[in-house]
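Under the numbering used here, the first residue of the sequence shown is numbered 65, with each subsequent residue one higher. Idealized CB from N, CA, C, for every residue including glycine. On a predicted model such as this, the values are computed, not experimentally measured, just so you know.
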Amino acid sequence: MINPLLVVISGPSGVGKDAILEQLRIHRPDFSYAVTATTRPMRANEKDGYDYIFLSKNQFFDLLAKDEFLEHAEVYGNHYGVPKKQIREALNNATNAFVKIDVQGARTIKSLARNALLIFIAPPSLMELERRLRERKADSAAQMDIRIATAKHEMDQSSWFDSVVINDTDKLEDTVEQILEIVASEQNRPESQSIRL
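Put into structure tokens, the structure is as follows:
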């Protein structure tokens with residue numbers, strides 16, 4: 065029997081994690097995709113319960129007090145958490161579970177679930193990442209500087225991930241294909257072990 069995987073997709077802000085997950089959902093609707101809870105404001109193109117679970121700070125801290133998050137962190141002044149329930153349900157149903165999370169959260173998940181598969185999504189260059197971030201026009205100049213400094217720090221941490229995939233500009237399909245190949249390869253290893261949370 066093939067054990068289901070907990071697959072963590074991580075990387076700096078603006079690297080294309082959301083676009084990658086959207087394509088993964090199309091290619092592999094049989095996989096489970098955890099929806100992260102957050103206290104940050106919803107962007108115009110986002111849907112509650114699909115892109116994120118948008119919560120007030122009170123709602124978030126109530127769930128945190130009940131130990132309902134696999135991992136939680138404060139990022140850029142907003143709180144994020146991965147609901148345990150979604151992951152457990154997927155793994156109990158023998159379904160691969162994907163989680164999109166920041167680098168700090170990926171390290172926490174790896175410490176809790178040693179057999180989790182961590183995939184770091186990297187930009188083709190820091191210059192390209194900065195261009196993508198500026199193109200979003202979602203941040204003030206000060207926020208942009210923080211995001212760029214954080215991205216540089218996160219890029220330095222990519223070496224402790226299981227795999228690094230470069231998300232080249234205009235090559236999203238190639239990126240998704242590489243991720244699916246990594247997942248298939250990991251799942252077919254004889255020593256693949258089940259995840260316990």
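DSSP beta-bridge partners of residue i
{"i": "T102", "result": "F118, Y144"}
{"i": "A186", "result": "I230"}
{"i": "H136", "result": "G145"}
{"i": "A215", "result": "A215 pairs with nothing; no bridge assigned."}
{"i": "L181", "result": "V71"}
{"i": "I112", "result": "The sequence as given places Asp at residue 112; Ile does not occur at that position. Beta-bridge pairing links D112 to Y116."}
C-alpha distance - residue i paired with residue j, whole-angstrom precision
{"i": "I185", "j": "I73", "result": "7 Å"}
{"i": "K130", "j": "K121", "result": "14 Å"}
{"i": "D232", "j": "L197", "result": "15 Å"}
{"i": "F118", "j": "S96", "result": "19 Å"}
{"i": "L128", "j": "D234", "result": "39 Å"}
{"i": "G75", "j": "E86", "result": "16 Å"}
{"i": "K149", "j": "E132", "result": "7 Å"}
{"i": "R195", "j": "E135", "result": "30 Å"}
{"i": "Q123", "j": "D112", "result": "14 Å"}
{"i": "R89", "j": "P147", "result": "19 Å"}
{"i": "D220", "j": "D94", "result": "33 Å"}
{"i": "A180", "j": "V163", "result": "10 Å"}
{"i": "E218", "j": "A158", "result": "31 Å"}
{"i": "I210", "j": "I66", "result": "42 Å"}
{"i": "V79", "j": "D115", "result": "16 Å"}
{"i": "S222", "j": "P187", "result": "12 Å"}
{"i": "I230", "j": "I212", "result": "17 Å"}
{"i": "A137", "j": "R200", "result": "23 Å"}
{"i": "F125", "j": "Q168", "result": "19 Å"}
{"i": "D226", "j": "A108", "result": "34 Å"}
{"i": "T239", "j": "A248", "result": "14 Å"}
{"i": "T103", "j": "I165", "result": "15 Å"}
{"i": "Y140", "j": "R171", "result": "18 Å"}
Helix, strand or coil at residue i according to DSSP, with G and I counted as helix
{"i": "S222", "result": "helix"}
{"i": "K174", "result": "helix"}
{"i": "I263", "result": "Absent from the model: residue 263. The displayed extent of the chain is 65 to 261, so no value can be given."}
{"i": "D131", "result": "coil"}
{"i": "S204", "result": "coil"}
{"i": "S96", "result": "strand"}
{"i": "T239", "result": "helix"}
{"i": "R195", "result": "helix"}
{"i": "I84", "result": "helix"}
{"i": "L79", "result": "The residue asked about is misnamed: residue 79 is Val in this sequence, not Leu. Coil."}
{"i": "N157", "result": "coil"}
With three or more beta-carbon pairs closer than 8 Å as the criterion, would you say the region 146-157 touches the region 201-217?
no
Count the CB pairs spanning the region 171-178 and the region 98-112 that are closer than 8 Å, and state whether there are at least three.
no
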